[in-house]
Amino acid sequence: MTAPVNPQVLMYSTAVCPYCTMAERLLKSKGVEEIEKVRVDLDPAVREAMMAKTGRRTVPQIYIGDTHVGGFDDLSALDRAGKLDELLHPEA
């Protein structure tokens, strides 16, 4: 039996974003071991791509698998609603 594969987590962020840090802390507390971080403060083209993809200009912008969760407030609301675990661990 193989271990369940959890969806990839992608987070657009900047170096000095307290909400990015809080989002990362929340995800790690839920058992997420790896977060692919895309720094939008290093290249304006990356921020433009993030805005085109998400329709938002603020960070963090978080994807769990193919699902655009949104920012930290959205992530936190999902957790409070009891739906974050379902997204992170669909096999459970």
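Residue numbers 1 to 92, in the UniProt record's numbering, belong to the letters of the sequence shown in order. Glycine residues also receive a C-beta, built at the ideal position from the N, C-alpha and C atoms. Source: prediction; values computed, not measured.
Do residue j and residue i count as a contact pair if the criterion is CB distance below 8 angstroms?
i, j, result
"residue 94", "Ala23", "In the structure as shown, the chain begins at 1 and stops at 92. Residue 94 is therefore absent and cannot be evaluated."
"Val59", "Ser13", "yes"
"Ile35", "Met11", "yes"
"Lys30", "Leu84", "yes"
Could you please give the first and the last residue of the uninterrupted beta strand (DSSP E) stretch that includes residue i?
i, result
"Leu10", "Val9 to Ser13"
"Arg56", "Counting along the chain, Arg56 falls outside any beta strand (DSSP E), and DSSP gives it neither H nor E."
"Glu36", "Ile35 to Arg39"
Use the C-beta contact count for residue i: other C-beta atoms within 10 angstroms, 16 or more gives buried, fewer gives exposed.
i, result
"Gly71", "buried"
"Leu42", "exposed"
Based on DSSP bridge pairs, tell me the residues matched to residue i.
i, result
"Thr67", "Ile64"
From which residue to which residue does the alpha helix (DSSP H) around residue i run?
i, result
"Cys17", "Element bounds for Cys17: n/a, residue is neither H nor E."
"Leu78", "Phe72 to Arg80"
"Leu42", "Segment: none, Leu42 is in no alpha helix (DSSP H) and carries neither H nor E."
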